[in-house]
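First residue of the sequence shown: 5, per our numbering; consecutive thereafter. Even for Gly, the Cβ is constructed at its ideal location relative to N, Cα and C. Please read all numbers here as calculations on a predicted model, not as lab measurements. Beneath this line is the structure, given in C-alpha cells, with notes to follow.
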Amino acid sequence: MKKSCLILLLVLHGCAGRGPYVPSAVSSGVPLSAICARYNVSWQWDGVTQVVILEYKGNKAKALVGSNVVVVGKEKIALSLPLHRSNSAIYVPEDFEAKVLAPFGITPGVPGAKVDWSRLKIRTVILDPGHGGKDPGARGPNGVREKDVVIDIAKRMKVLLEQGGLKVIMTRNSDYFISLGQRTEIASRSDADLFVSIHANSNPARKAHGMEVYYVKTRDKRDLDEEQRQKNEKIFTKTLNTRYSPQLNGVIADMMYASKTAESLRLAELIARDGSAHADTANRGARACRFFVVRNTLVPAVLVEVGFLSNRREEKKLNSSSYRQRLAEAIVRSIINYATD
Ligand SMILES: [Zn+2]
C-alpha cells in the first residue's frame with residue numbers, strides 16, 4: 005500500500021459504543037463492532053481498500069466490505085450475505101459468529117459467565133416463550149409483536165445452553181397457541197430443574213423501559229389449592245414413579261415449594277441485576293407476582309420481561325437480532341452463574 009493511502013487509513017477500534025439507531029431494514033445483520041467487543045477481537049477497517057482485518061491472539065482474518073468471503077489463515081469462509089457498511093458502521097450477516105469464530109480460535113459461548121459446565125447443579129431447563137399463534141401478546145407502536153420477539157430470544161438461549169450440554173425443553177418452538185396450563189404441565193412431566201418464561205412488556209406510560217424479573221414469593225393457601233397446581237403435582241409424582249402415600253406426596257410437594265420460592269427469588273435477583281447490566285438496559289428489579297405459569301410450576305420459576313414494546317426506543321432495540329442475542333446471552337449468563345454458585 006502506498007504511503008498516501010496509509011495516511012487515509014481509517015482505523016476504527018472495536019468498542020461496543022451505542023451508535024445511532026439504524027433501522028434494521030437498511031442494515032440487516034449484526035454490527036461487527038458489537039461482535040468484536042464481545043469476544044475481545046481487535047479490528048481495523050481501511051476506508052480506501054474496504055479491507056477489514058480482524059486479529060485475535062495472533063490469528064488474523066481478512067474480509068472485504070461488499071464481499072461474503074472471509075479469509076481466516078488459509079481458509080476461505082463463505083457467508084450467507086456480504087459484509088456491508090451503513091452509517092459508518094460495518095455489518096456482518098447472522099451466520100458470521102457461527103462460521104467465523106471457531107476457525108478463528110474462539111469458542112462461542114456465554115461471555116462473562118463462570119462456566120464450569122460439569123459443576124452445574126441443573127441439567128434441564130424449560131424455556132417458555134410467551135404467547136404465540138392467535139395470541140400475539142403486546143404490540144409495539146411500529147407493529148413489533150411480543151410473540152415473535154420472545155421466541156427468537158428463547159431459541160437463542162436454547163443454542164447457548166445446549167452448547168454447554170444442558171437439556172432444553174421449549175414449551176413452544178414455533179408460532180402456535182398453547183394454554184398456560186399446558187405450559188406448566190410440560191414442565192411437570194419433564195425432569196426440569198428450572199422454568200424460565202420470556203415475555204416483553206407494555207405500559208400506557210410510553211417512557212417505561214428496562215427489564216423486570218418476576219417470581220412467586222408467598223406460599224398462599226389459594227395457590228396450593230389451585231386446580232392446575234394439584235394436577236401438576238399428580239403429573240409430577242407419576243413421573244417420579246413413586247408409590248408414596250398421598251400424605252407423603254403432600255410433604256414432598258411442600259418441601260419442593262419452599263425450596264422453589266427461595267431459589268426463584270435468587271435467580272430473579274441475579275437476572276434483574278446482572279442480566280440487565282450485561283444487556284445494557286435498566287434494571288427494574290426482581291418483583292413478586294402471582295402469574296399463572298410462575299406459581300403453578302413446581303420447580304424454581306421466573307418470568308423475565310425483557311423490555312417494553314410500548315416504548316419506541318425499546319421496540320427498535322427488541323427488533324434487532326444483535327440486541328436479542330445480547331439479551332439471550334445476558335439471561336443465560338445469569339442462569340449459569342445461579343447454577344454454579
Ligand atoms: Zn407477555
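Query                                                                                                                      : Result
Assigned secondary structure, Val148 (DSSP; H/G/I helix, E/B strand, else coil)                                            : coil
Any non-hydrogen atom of ligand 3 closer than 7 Å to Glu150 Cβ                                                             : Judged by which ligands are present, ligand 3 is missing from the structure shown, whose ligands are ligand 1.
Thr53, buried or exposed, once every other Cβ within 10 Å from all chains shown has been counted against 16                : exposed
Gly134 beta carbon near ligand 1 (any heavy atom closer than 7 Å)                                                          : yes
C-beta atoms of Tyr218 and Phe295 nearer than 8 Å                                                                          : yes
Cut-off 6 Å between Cβ atoms - residues of its own chain near Ala234, not counting five sequence neighbours on either side : The sequence as given places Gln at residue 234; Ala does not occur at that position. Hits under 6 Å: none found.
Residue burial classification, Arg329 (beta-carbon count within 10 angstroms, cutoff 16)                                   : Per the sequence presented here, residue 329 reads as Gln, with Arg not at that position. Buried, since its Cβ has 16 or more Cβ neighbours within 10 Å.
Nearest to Ser71 (by Cα), restricted to the options Leu164, Glu59, Phe100 and Lys64                                        : Phe100
Bridge partners - Ile130, DSSP secondary structure assignment                                                              : Ile173 and Phe199
Beta strand (DSSP E) segments (min. 3 residues) lying fully within the segment 279 to 343                                  : 287 to 292 and 305 to 312
Short Cβ contact (8 Å threshold) for Ser206 with Leu124                                                                    : no
Helix, strand or coil at Gln54 according to DSSP, with G and I counted as helix                                            : coil
Val69 in three-state terms, based on DSSP                                                                                  : strand
Nearest residue (CA-CA) to Leu271, options Met259, Ala65, Lys238 and Val308                                                : Val308
Integer-rounded CB distance, given that Asn177 should sit under 8 Å from Phe108                                            : At roughly 30 Å, the Cβ-Cβ gap does not stay under 8 Å, so Phe108 and Asn177 are not in contact.
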